[in-house]
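> Please see the structure below; I have some questions.
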Amino acid sequence: MRKKPADWQPLLDVYRLAREEEKLAAIERFQAGAQARALQRLIQASEKRRRARGAESGQPERALVGLLRANPRGTGTRASTLQPV
1 MRKKPADWQP LLDVYRLARE EEKLAAIERF QAGAQARALQ RLIQASEKRR RARGAESGQP
61 ERALVGLLRA NPRGTGTRAS TLQPV
């Protein structure tokens, strides 16, 4: 490690506190940005899934209809909690 100069003085508390506050603010901005990006990815993925199932065209959800037709009582599948369409 480098040796500090002979005339070196530690930062005043005011400057140290301001620097710590700036670091915390930067961390909060980073976390907020990361959270916003994750939320945007989630929204886009759910929209893609919804479009793939035909929800935007007014068609019933094809995957669920197929499950109910294959197993009308809903035993042994996730469809057990769904009502027939």
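Residue numbers (full-length UniProt numbering): 1 to 85.
Quick reminder that beta carbons are idealized off the backbone N, C-alpha and C, glycines included.
Around the Cβ of T77, are there at least 16 other Cβ atoms within 10 angstroms (buried) or fewer (exposed)?
Model confidence at T77 stands at a pLDDT of 49, short of 50, so the residue's coordinates are unreliable and nothing is read from them.
> Counting along the chain, where does the alpha helix (DSSP H) carrying R2 start and finish?
Careful: R2 lies outside any alpha helix (DSSP H) and carries neither H nor E.
> By how many angstroms is the C-alpha of R2 removed from the C-alpha of R16?
Taking the straight line from one Cα to the other gives about 21 Å.
> According to DSSP, simplified to helix, strand and coil, what is Q31?
Note: Q31 maps to helix in three-state DSSP.
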